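Here the sequence shown is numbered in the numbering used here, starting from 38 and rising by one per residue.
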Amino acid sequence: MAFFTHHICRGLSSSAVRHVVIKNVTIIGGGQMGAGIAQVAASTGHAVTLVDTNEDILKKAVKGIEGNLKRVVKKKFADKPEAGEEFLQKAMQNVSISTDAGSVVQGTDLVVEAIVENLKVKQDLFGGLDKLAPAHTIFASNTSSLSITDIASSTNRLDRFGGLHFFNPVPVMRLVEVIATSSTSQETFDSLLNFSKMLGKTSVSCKDTPGFIVNRLLLPYILDAVRMYERGDGSKEDIDIAMKLGCGYPMGPFELSDYVGLDTMKFIMDGWSAANPDNPMFAQSEVLNKLVAEGKFGKKTGEGFYKYK
Ligand SMILES: CCCCCCCC(=O)CC(=O)SCCNC(=O)CCNC(=O)[C@H](O)C(C)(C)COP(=O)(O)OP(=O)(O)OC[C@H]1O[C@@H](n2cnc3c(N)ncnc32)[C@H](O)[C@@H]1OP(=O)(O)O
Ligand SMILES: NC(=O)C1=CN([C@@H]2O[C@H](COP(=O)(O)OP(=O)(O)OC[C@H]3O[C@@H](n4cnc5c(N)ncnc54)[C@H](O)[C@@H]3O)[C@@H](O)[C@H]2O)C=CC1
């Protein structure tokens, strides 16, 4: 069930802005991002259905959400354990799981997609859901690097399609990039801004340009670090230490790559390389290709640039 509200938007003086109040959210992809988005949405009172093709991943996601929330509760409700238990129960009751996206979107206000970073797979998913979701339902992609316009082109709801780009780990990182294409309606954009606010996040408005704001700046930095290592100009350990202690970053570029996932990083690089074949920045990286070919995707598989076992 969707609700429409009218409110005066700050900075827009007297113009009344309509937005869909998001209550029921379907999150597709139960990996590190989808599980994180589900955790935050459920703990801020949204009814969440987390969808993945793989049931084991969903079970692992729910276990992870519960574990994370228990940690939060222990800290935040240290002197009010009963209130903490109530918060935990409520949040967990807000989460359900499904392996059938088509059947659950029928009652949803917002679909947030966080599946593999591949244009065709995302288009196929949204193209199918477009025929099943109610007219008011807003579609949003959490893509890191793909064009929202391209993803949305598989649907007939271009005005109700935008980007919601979260950061990893979602429960900790405070930013959401909200992306409007040239077809995204003001109402959809305002609904996505409002949803981000309800999640307790700070949002920035982005155009549908490659990498939006953060990844347009982050990816060249990470790729330059990989090239530096490949040339033998610095060890990965030294490069990581240098950026942490020299710039105050919480993680160095190799630690961060392992944290994001080297499979995702390669998907991003390959996509940008195909779109910009003459740009040496996106030329194939032997080191990255080797690690990915060996199934060493970083922290999630126990090994990437570093070992985690
Ligand atoms: C690579 C190609 C280019 C990128 C392209 C794709 C990527 C994207 O599209 C966009 C991205 O997300 S880019 C990545 C953005 N994320 C970062 O830069 C993370 C950098 N690392 C950190 O902030 C800290 O090391 C971090 C917060 C992770 C850990 O902090 P600490 O080292 O201080 O560790 P803790 O003391 O254990 O944690 C601090 C608080 O955070 C909680 N926490 C940690 N991990 C968590 C997780 N996974 N889920 C939920 N909560 C988590 C932890 O409980 C602790 O909480 P408090 O006790 O309340 O402080
Ligand atoms: N890893 C990161 O730091 C960030 C990733 N992103 C983006 O979020 C998306 C997901 O990334 P991660 O969570 O890291 O990946 P992940 O590999 O941890 O999870 C992806 C999940 O999607 C599922 N999946 C794949 N195809 C599916 C389909 N058709 N239907 C339902 N489920 C499907 C997989 O089984 C897997 O569980 C990607 O688009 C990525 O670029 C955005 C911000 C940060």
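Don't be surprised by glycine CBs; every beta carbon is placed ideally from N, CA and C. Everything numeric in this text was worked out from a predicted model, so none of it was measured.
Q: Could you check which residue in Asp137, Val109 and Ser133 has the C-alpha nearest to that of Phe124?
A: Val109
Q: For Gly101, collect the residues of the same chain with a Cβ closer than 7 Å to its Cβ; drop the 5 residues on either side in sequence, then sort them by chain order.
A: Ala72
(Q) Taking the beta carbon of Met38 as the centre, do at least 16 other beta carbons fall within 10 Å, making it buried, or is it exposed? (A) Confidence in Met38 is poor, its pLDDT being 36 and thus under 50, which makes the residue's placement unreliable; the coordinate value appears in the next sentence. Counting Cβ neighbours within 10 Å, Met38 comes out exposed, since fewer than 16 surround it.
Q: Can you say whether Thr239 is buried or exposed, counting buried as having 16 or more other CB atoms within 10 angstroms of its CB?
A: exposed
Q | Best match in Asn205, Thr218, Thr136 and Ile276 for proximity to Ser181 [C-alpha to C-alpha] | A | Asn205
Q) Mind checking Val158: buried by the 16 CB within 10 Å criterion, or exposed? A) exposed
(Q) Give me the residue from Met318, Asp295 and Ala312 with the minimum Cα distance to Gly335. (A) Asp295
(Q) Using the three-state DSSP reduction, which class does Gly341 fall into: helix, strand or coil? (A) coil
Q) How many angstroms separate the CA atom of Arg264 from the CA atom of Ala75? A) 36 Å
Q: Alpha carbon to alpha carbon, how far is Ile64 from Val88? Give it in angstroms, no decimals.
A: 6 Å
Q) With contact counted as at least three CB pairs below 8 Å, one residue from each stretch, are the stretch 287-305 and the stretch 267-277 in contact? A) yes
**Q.** Enclosing alpha helix (DSSP H) for Pro212 [first to last residue]
**A.** One point to set straight first is that residue 212 is Leu, not Pro, in the sequence displayed. Run containing Leu212: none in the alpha helix (DSSP H); it sits in the beta strand (DSSP E), Leu212 to Ala217.
Q.
Can you give me the C-alpha to C-alpha distance between Pro314 and Gly67, rounded to a whole angstrom?
A. 32 Å
(Q) Helix, strand or coil, according to DSSP, for Ser272 in the structure here? (A) coil
**Q.** Unbroken alpha helix (DSSP H) run spanning Gly164, endpoints
**A.** Leu156 to Asp167
**Q.** Cβ-heavy atom distance, Ile250 to ligand 2, below 8 Å
**A.** no
Q. Can you give the beta carbon distance from Val149 to Val62, rounded, assuming they're within the 8 Å contact cut?
A. 6 Å
Q | Residue interval of the alpha helix (DSSP H) (run including Ile134) | A | Note, Ile134: premise wrong, no alpha helix (DSSP H); beta strand (DSSP E) at Val132 to Ser135.
Q) Excluding sequence positions up to five away, which residues of its chain have a Cβ less than 6 Å from the Cβ of Ser191? A) Gln160, Phe163 and Gly164
Q: Using only the heavy atoms of ligand 2, determine whether one of them is closer than 8 Å to the beta carbon of Ala75.
A: no
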